[in-house]
Structure formats: structure tokens, C-alpha cells
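Asks: I have a structure I would like to understand better, so I am pasting it below and will then ask my questions one at a time.
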Amino acid sequence: MITEAGKSSAAMKLLTLLLLLALPAVAQNQFTFTTNNGAITITGITYIAVNGVVAIPSETNGYPVTSIGTNAFYDLTILTSVTIPNSVSNIEDSAFGQCTSLKNVTFGSGLTNIGNSAFEGCFSLTNAPIPGSVTTIGMSAFEFCSSLTKITIGSIATNIGEQAFAYCTSLTNIIVNPANESYSSLSGVMFDKSQTTLLQYPGGKDGSYTISNNVTTIGDYAFADCSSLTGITIPDNITNIGIGSFSGCSRLTGVAISGTVASIVRCVAGFCSSLMSITVNATNAFYSSEAGVLFDKSQTTLLQYPCGKVGSYAISNSVTSIEVGSFASCSGLTNVTIPDSVTSIGGLAFQGCTSLTNLTIGSGLTSIGLYAFSFCTSLTGVYFQGNSPTPSDDLTVFSDDNTGTVYYLAGTTWLGHVV
Numbered sequence: 008m009i010t011e012a013g014k015s016s017a018a019m020k021l022l023t024l025l026l027l028l029a030l031p032a033v034a035q036n037q038f039t040f041t042t043n044n045g046a047i048t049i050t051g052i053t054y055i056a057v058n059g060v061v062a063i064p065s066e067t068n069g070y071p072v073t074s075i076g077t078n079a080f081y082d083l084t085i086l087t088s089v090t091i092p093n094s095v096s097n098i099e100d101s102a103f104g105q106c107t108s109l110k111n112v113t114f115g116s117g118l119t120n121i122g123n124s125a126f127e128g129c130f131s132l133t134n135a136p137i138p139g140s141v142t143t144i145g146m147s148a149f150e151f152c153s154s155l156t157k158i159t160i161g162s163i164a165t166n167i168g169e170q171a172f173a174y175c176t177s178l179t180n181i182i183v184n185p186a187n188e189s190y191s192s193l194s195g196v197m198f199d200k201s202q203t204t205l206l207q208y209p210g211g212k213d214g215s216y217t218i219s220n221n222v223t224t225i226g227d228y229a230f231a232d233c234s235s236l237t238g239i240t241i242p243d244n245i246t247n248i249g250i251g252s253f254s255g256c257s258r259l260t261g262v263a264i265s266g267t268v269a270s271i272v273r274c275v276a277g278f279c280s281s282l283m284s285i286t287v288n289a290t291n292a293f294y295s296s297e298a299g300v301l302f303d304k305s306q307t308t309l310l311q312y313p314c315g316k317v318g319s320y321a322i323s324n325s326v327t328s329i330e331v332g333s334f335a336s337c338s339g340l341t342n343v344t345i346p347d348s349v350t351s352i353g354g355l356a357f358q359g360c361t362s363l364t365n366l367t368i369g370s371g372l373t374s375i376g377l378y379a380f381s382f383c384t385s386l387t388g389v390y391f392q393g394n395s396p397t398p399s400d401d402l403t404v405f406s407d408d409n410t411g412t413v414y415y416l417a418g419t420t421w422l423g424h425v426v
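Following the working numbering from start to finish, the sequence shown increments by one per residue and tops out at 426.
Given below as C-alpha cells:
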């Protein structure tokens with residue numbers, strides 16, 4: 008016989024069971040979005056599943072999801088995997104930037120645009136096969152994706168931004184569809200269609216590399232942070248070397264610049280911790296080298312000091328300007344003497360020279376760029392032999408170092424006052 012208490016208990020159990028059955032097995036991701044002309048743009052996420060897996064819906068409220076907005080998932084470090092439906096044609100700038108746990112991305116077949124920095128800094132990203140429908144890959148789109156090993160570019164991609172695949176230190180192969188009319192690849196290296204401009208060398212390829220005689224231009228950051236690159240041969244027909252082309256190549260010991268090079272943009276070989284020498288063919292009409300240091304032809308501008316050199320360095324009296332980042336991260340540099348002839352020091356010029364203990368600056372200096380001596384953590388005193396340069400009171404010039412005292416000679420001017 009069932010008592011009234013027993014009936015009540017059974018009813019409660021049945022109600023609880025029905026409620027449990029009514030709940031979803033896994034809590035659903037919840038997004039924020041905007042609607043424009045009958046199309047949805049995902050702008051963010053308010054709830055994400057515990058495992059970090061996200062599937063973007065193909066429609067919401069009866070409207071198609073066509074875009075993932077700027078910064079929509081930016082710095083969402085718990086995101087591990089994302090699936091993007093065929094309805095999405097546009098991934099906007101920084102949409103998934105700095106999602107450091109993101110390992111896998113599945114793109115839909117309708118995608119045409121990947122925005123600037125869309126996946127920048129996704130260090131864990133190992134799988135991101137770009138569909139053949141994509142026409143545009145923005146600047147820095149996959150920059151610093153240090154776990155990516157392969158990139159495939161389809162036949163209709165017409166616009167790939169600078170540094171799209173820079174600093175991808177595990178990347179060993181970039182494959183471009185042979186039917187592509189704007190870009191090409193050879194042995195895993197990415198070029199323009201004519202293969203006269205080398206655009207991107209895969210950051211994970213090891214050993215030495217000889218640039219083809221067909222190439223005339225090395226693009227900006229083309230070899231940046233290729234930490235396994237041990238040697239580079241630059242042919243005689245190269246005329247242009249872009250910004251930071253060899254920056255961060257930590258195993259590169261020497262760079263030889265041919266006589267035909269007419270344009271070298273700043274920081275060409277900065278942060279190359281093993282680099283001992285930059286040599287320039289004597290026939291070059293625009294550049295020269297002395298003791299492994301790169302200058303313009305007249306040696307009035309110091310362009311790049313090899314970061315592998317250690318000890319003291321006295322800059323020649325012919326030099327009037329020190330280029331941006333020219334000594335940056337030269338951690339073995341201990342003493343520098345800057346002569347009276349130097350009138351300007353570029354920004355970041357000596358940034359990160361962590362062993363620099365003594366710095367003597369001549370009387371001719373009139374300007375110092377921002378952060379010129381930042382992170383010089385062993386620098387405790389600076390000696391100015393002339394009036395204070397501009398900016399004389401800008402703390403960023405010596406930021407994040409231990410500079411305790413700045414010395415001026417008697418009779419010189421500091422901040423408009425005679426010392």
C-alpha cells in the first residue's frame with residue numbers, strides 16, 4: 008500500500024527527472040551580435056562552454072550570420088577551438104587576436120576576407136586550413152602563430168598584407184595554388200607571381216638558403232625571426248631589402264650585401280644575437296661596411312651594428328646620425344663612445360643593451376629618439392659632453408633601466424639652464 012507521503016515523494020522524483028530531461032546535455036555558447044540589412048555580425052560571446060569549444064551559428068533570429076566583428080573574441084584565452092559556418096564571408100580585424108589557447112580553426116567555404124591581425128598571437132594554433140574562397144588576408148593576420156606548420160593559399164587570393172605570416176617560428180611550408188595570378192611558392196617559400204619579390208620565408212625552415220637570381224626585392228620582415236636559418240646568400244641582382252628583413256634570425260652569423268643593393272630599410276638585421284658581421288661589396292654605390300658594421304656609402308649614418316659582437320665600440324668621427332634600432336638588443340655591448348660629430352640618435356637605437364655600463368655622448372648631439380636607451384639595465388650613468396638634447400626631460404629615453412645620474416660639463420645647458 009502506497010501512503011500519501013510515498014505518493015508525494017514519487018511525484019517529486021518524477022518532476023525532477025522531467026526537469027533534467029528538459030535541460031540541454033551541454034550548455035550552449037551565447038553570443039552578442041548586431042543586425043544590419045538583414046545580416047548578423049557576431050560581436051562577442053557572453054558564455055563559453057567549459058571545454059572552450061565554440062561553433063558559430065549560421066543564423067540567428069532568422070537572419071544569416073555573415074561576419075565576425077572586430078575584436079569579437081580578442082584575448083579570449085579559454086577559447087580552444089572554433090568552427091565558422093559557410094554563411095560567414097568576413098572575419099574582421101583582431102577578431103581572434105591573442106586567443107593564446109586556440110588550437111584549431113575550421114573555416115567555412117564562404118569565407119572571402121580575413122582581417123588585419125585576425126589571429127595574431129594565437130600561439131597554440133596548429134591547424135587553420137585557409138579555404139580556396141579567400142581573396143584577402145590582412146596585415147599580420149597570422150603573425151606570431153608560433154605553432155602553425157603549414158599555410159595553404161588558394162587560387163583567387165589577390166591581397167595578402169605585410170607580415171601576414173611573420174614570426175611563425177614552426178612554419179616550414181607555404182603552398183600557393185599554381186593557378187593563383189598574384190602569388191606563387193617555391194620550395195615552401197612565398198613570392199609574388201613573377202618571383203622577383205621574396206615575400207615570406209617560413210620561420211621554421213632550418214639550414215642555409217640561397218636566394219634565386221630571379222629575385223630583385225626582399226620584402227619587409229621576409230625572414231623575420233627565422234631562428235633556424237644559419238646562412239643566407241644574397242645574389243648580385245638584389246636591389247631592395249625591406250624593413251627588418253633579417254631581424255631576429257638568432258643563428259645567422261653573417262650577412263653579405265651585394266653591389267647592386269640600392270635600398271636598405273631600417274633594422275635590416277636587428278636582434279640577430281649571433282650576427283658578427285655585415286659586409287658590403289666595395290662596388291656598392293649606396294652602402295658600405297667597416298669592421299662588420301653597416302653604414303651608408305659616406306659612412307655618415309650608422310645603420311646596423313651586429314648584435315653578436317661583444318665589448319666596447321667607439322663610433323667613427325665621420326658619423327652624424329645613428330639609425331633607429333641600430334644597436335637594439337646588442338646584449339654583449341659594454342661601452343659606447345659617441346663622438347662630437349653625431350647630432351641625432353634614432354628611437355630604440357640602444358634599447359635592450361643589457362650589458363652597457365658606460366656611455367659617453369659628444370657635444371654635437373641635438374636630438375634623441377624615444378626609448379633610445381630603454382631597458383639598458385646595467386647603465387648607471389650617462390656623460391653628456393655638450394648641451395642637453397631634445398627631448399632632454401623625456402623619461403622614455405632611459406625608461407626601464409637603472410640610470411641613476413646624468414652628467415653634464417660645467418658651462419653647458421640643461422633644460423635651458425646653464426650648468
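Cβ coordinates follow ideal geometry from the N, Cα and C atoms, glycine included.
1. Sorted by chain position, which residues of the same chain lie with C-beta nearer than 7 Å to F278's C-beta, five sequence neighbours on each side aside?
2. Just the Cα atoms here: how many angstroms apart are C360 and L193?
3. Here's the rule: buried if 16 or more other CB atoms are within 10 angstroms of the residue's CB, otherwise exposed. What is A321?
4. Could you tell me whether the region 84 to 96 touches the region 112 to 119, using the rule of 3 or more Cβ pairs below 8 Å?
5. Can we say the region 154 to 166 touches the region 180 to 187, given the rule of at least three CB pairs closer than 8 Å?
6. So does N111 have its beta carbon nearer than 7 Å to some heavy atom of the ligand FMN?
7. From G76 to S96, what does the alpha carbon distance come to, in whole angstroms?
8. For the pair the region 266 to 278 and the region 211 to 221, tell me if three or more CB-CB distances fall below 8 Å.
9. Name, in chain order, the residues that DSSP records as bridge partners for S351.
10. Excluding five sequence neighbours on each side, which residues of the same chain lie with their C-beta closer than 6 Å to the C-beta of A135?
11. Taking only runs that begin and end inside the region 288 to 325, name each unbroken alpha helix (DSSP H) of 4 or more residues, in chain order.
12. Quick check on the burial criterion: 16 or more other C-beta atoms within 10 angstroms. Buried or exposed for A292?
13. Rounded to the nearest angstrom, what separates C175 and A125 at their Cα positions?
14. Leaving out five residues before and five after T87 in sequence, what residues of the same chain have Cβ atoms less than 7 Å from its Cβ?
15. Measure the C-alpha to C-alpha separation of I218 and G69 and round it to an integer number of angstroms.
16. Could you pull out every residue in the same chain whose Cβ sits closer than 8 Å to the Cβ of S177, ignoring the five residues on either side in sequence?
17. Quick check for students: name the residue ranges of the beta strand (DSSP E) that lie wholly in the region 254 to 290, counting only runs of 3 or more.
18. Short of 7 Å in beta carbon distance, which residues of its chain neighbour S131, apart from the five on each side in sequence? Order them along the chain.
19. Out of G388, F103, L282 and C274, state which residue places its alpha-carbon closest to the alpha-carbon of I85.
20. Please confirm whether G354 and V389 have their CB atoms less than 8 Å apart.
21. Can you have a look at S319 and say buried or exposed, based on whether 16 or more other CB atoms are within 10 angstroms of its CB?
22. Spatial neighbours of L83 within its chain, please: CB distance less than 6 Å, with the 5 preceding and 5 following residues excluded, ordered by chain position.
23. I'd like the list of long-range same chain contacts for G45, defined as Cβ closer than 6 Å, with 5 residues on each side in sequence excluded.
24. Provide the residue span of the beta strand (DSSP E) that contains S153, from first to last.
25. From the DSSP output, in three-state form, read off S406 for me.
26. Inspect the beta-carbon positions of I225 and G249 and report whether they are closer than 8 Å.
27. Tell me, which residues are paired with S74 by DSSP?
28. From I2 to T290, what distance separates their C-alpha atoms?
29. To the nearest angstrom, how far is the alpha carbon of T42 from that of E99?
30. Can you tell me whether Y54 is buried or exposed? The criterion is at least 16 other CB atoms within 10 Å of its CB, across all chains shown.
31. Report the residue ranges of all beta strand (DSSP E) runs contained in full by the region 149 to 190; include only those spanning at least 3 residues, in chain order.
32. Just how far apart, CA to CA, sit Y190 and S406?
33. The beta strand (DSSP E) spanning V196 covers which residue range?
34. Cutting at 8 Å between CB atoms, please list the residues of its own chain near T133, excluding the five before and the five after it.
35. Where DSSP assigns a beta bridge to T39, which residues make up the other side?
36. Straight-line CA distance for S252 to I63?
Replies: Concretely, from the data shown:
1. On the sequence shown, residue 278 is found 271 positions in, with the first residue counted as 1. S254, G255, C314, A335 and S336, listed in sequence order.
2. Locating residue 360 in the sequence shown gives position 353, counting from the first residue. Locating residue 193 in the sequence shown gives position 186, counting from the first residue. Taking the straight line joining both Cα atoms gives about 38 Å.
3. Position 314 of the sequence shown holds residue 321. If you draw a 10 Å sphere on the C-beta of A321, you find fewer than 16 other C-beta atoms in it, and that means exposed.
4. yes
5. yes
6. Looking at this structure, you won't find the ligand FMN or any other ligand, since it has none at all.
7. Position 69 of the sequence shown holds residue 76. Position 89 of the sequence shown holds residue 96. If you take the alpha carbons of G76 and S96, they lie about 11 Å apart.
8. no
9. Residue mapping note: residue 351 aligns to position 344 of the sequence shown, counting from 1. DSSP links S351 through a beta bridge to S328 and S374.
10. Here residue 135 is taken as the residue at index 128 of the sequence shown, counted from 1. Result list for A135: V112, in chain order.
11. none
12. Translated into positions along the sequence shown, residue 292 becomes position 285. The residue in question, A292, is exposed, as its Cβ has fewer than 16 Cβ neighbours within 10 Å.
13. In the sequence shown, residue 175 corresponds to position 168, counting from 1. In the sequence shown, residue 125 corresponds to position 118, counting from 1. Each residue's alpha carbon lies about 14 Å from the other.
14. Taking the sequence shown and counting its residues from 1, the one referred to as residue 87 is at position 80. The answer, listed in chain order, is N58, G59, V60, S108, L109 and K110.
15. Taking the first residue of the sequence shown as position 1, residue 218 is located at position 211. Taking the first residue of the sequence shown as position 1, residue 69 is located at position 62. When rounded, the distance between both Cα atoms is 54 Å.
16. Counting from 1 along the sequence shown, the entry for residue 177 is found at position 170. Shown here for S177: same chain residues with a beta carbon closer than 8 Å to its own, the five before and five after excluded, namely S153, S154, L155, T156, G210 and G211 in chain order.
17. 261 to 264 and 284 to 287
18. By one-based count along the sequence shown, residue 131 stands at place 124. Cβ neighbours of S131 beyond the five flanking positions: T107, S108, L109, K110 and S154.
19. Along the sequence shown, one-based indexing puts residue 85 at 78. Considering only alpha carbons, the answer is F103.
20. Translated into the one-based positions of the sequence shown, residue 354 becomes position 347. Translated into the one-based positions of the sequence shown, residue 389 becomes position 382. When the beta-carbon positions are compared, G354 and V389 stay at least 8 Å from each other.
21. Position 312 of the sequence shown holds residue 319. With fewer than 16 Cβ atoms within 10 Å of its Cβ, S319 is classed as exposed.
22. The count along the sequence shown starts at 1 and reaches residue 83 at position 76. Result list for L83: C106, in chain order.
23. By 1-based counting over the sequence shown, the position of residue 45 is 38. So the list reads Y70, once near-sequence residues are dropped.
24. Looking up residue 153 in the sequence shown gives position 146. DSSP places S153 in no beta strand (DSSP E); its state is neither H nor E.
25. What you label residue 406 is simply residue 399 of the sequence shown in a count that begins at 1. Of the three classes helix, strand and coil, the one that applies to S406 here is coil, per DSSP.
26. Within the sequence shown, residue 225 is the residue found at index 218, counting from 1. Within the sequence shown, residue 249 is the residue found at index 242, counting from 1. Result yes, Cβ atoms of I225 and G249 sit closer than 8 Å.
27. Residue numbering aside, residue 74 sits at position 67 when the sequence shown is read from its first letter. By DSSP's assignment, S74 forms a beta bridge with T48 and N97.
28. The structure shown has nothing for residue 2, since the chain only spans 8 to 426.
29. For the purposes of this step, residue 42 is identified with residue 35 of the sequence shown, where counting begins at 1. For the purposes of this step, residue 99 is identified with residue 92 of the sequence shown, where counting begins at 1. Looking at the two C-alpha atoms, the distance is approximately 15 Å.
30. Taking the sequence shown and counting its residues from 1, one reaches residue 54 at position 47. Y54 comes out exposed.
31. 157 to 160 and 180 to 183
32. As a working mapping, residue 190 is identified with position 183 in the sequence shown. As a working mapping, residue 406 is identified with position 399 in the sequence shown. Approximately 43 Å, taken between the alpha carbons.
33. Translated into positions along the sequence shown, residue 196 becomes position 189. Element bounds for V196: V196 to D199.
34. Along the sequence shown, read from residue 1 onward, the residue named residue 133 stands at position 126. Same-chain partners within the cutoff: K110, N111, S154, L155 and T156.
35. As a working mapping, residue 39 is identified with position 32 in the sequence shown. In the DSSP output, where bridge partners are listed per residue, T39 has G51.
36. Position 245 of the sequence shown holds residue 252. Position 56 of the sequence shown holds residue 63. The alpha-carbon atoms of S252 and I63 are separated by roughly 38 Å.
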